[in-house]
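Participant: Numbering (my numbering), first residue to last: 53 to 185. Mind looking over this structure? Questions follow.
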Amino acid sequence: MEKIRVIIAKPGLDGHDRGAKVIARALRDEGMEVIYTGLRQTPEQIVEAALQEDAGVIGLSILSGAHNHVCPRVMELLKEKGLDDVLVVVGGIIPDVDLPGLCDIGIEGVFQPGTPMRDIVTFIREHHRPMPA
Numbered sequence: 053m054e055k056i057r058v059i060i061a062k063p064g065l066d067g068h069d070r071g072a073k074v075i076a077r078a079l080r081d082e083g084m085e086v087i088y089t090g091l092r093q094t095p096e097q098i099v100e101a102a103l104q105e106d107a108g109v110i111g112l113s114i115l116s117g118a119h120n121h122v123c124p125r126v127m128e129l130l131k132e133k134g135l136d137d138v139l140v141v142v143g144g145i146i147p148d149v150d151l152p153g154l155c156d157i158g159i160e161g162v163f164q165p166g167t168p169m170r171d172i173v174t175f176i177r178e179h180h181r182p183m184p185a
């Protein structure tokens, strides 16, 4: 069975990465291969990392409120690079009113504070699209 490769990224100027590190550790503990890109990543850096690492999943951790700026750009760049099959999920402080807009641009999962880790792992396992052989 193919190992799920996940990029965990902290876009923008948000300097709080504890949640991203907790998620990265939990996904690793579940057998996924996780690449944490670090703080203050641009959408371009995130998509380039996904391309270079042949990742099937991108997890964006956003606490700054920049999701309506960052997510559309990430999705646009993925499309430009032919990476439409990459599963993109977002975690952090995301108001309920913004959920439909994120869904409309192709974000498949949004995990707000308090989401059980098991739910995140299960979602990724069920929605990740295996890479073609």
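C-beta atoms are modelled at their ideal positions from N, C-alpha and C, and glycine is treated no differently.
At what residue ranges does the stretch 93-171 contain a whole run of the alpha helix (DSSP H), taking only runs of 4 or more?
Facilitator: List check, alpha helix (DSSP H) in window: 95-105, 119-132, 151-156.
Participant: Assuming Ala107 and Val58 make a contact with CB atoms under 8 Å, what is their CB distance in whole Å?
Facilitator: 6 Å between Cβ atoms; contact.
Participant: If His119 sits next to Val142, beta carbons under 8 Å apart, how far is it from one beta carbon to the other, in whole angstroms?
Facilitator: Sure, about 6 Å apart at Cβ, within 8 Å.
Participant: Are Ser113 and Gly71 closer than 8 Å when you measure CB to CB?
Facilitator: Going by C-beta atoms, Ser113 is nearer than 8 Å to Gly71.
Participant: Between which two residues does the alpha helix (DSSP H) containing Arg70 stretch?
Facilitator: Residues 70-81.
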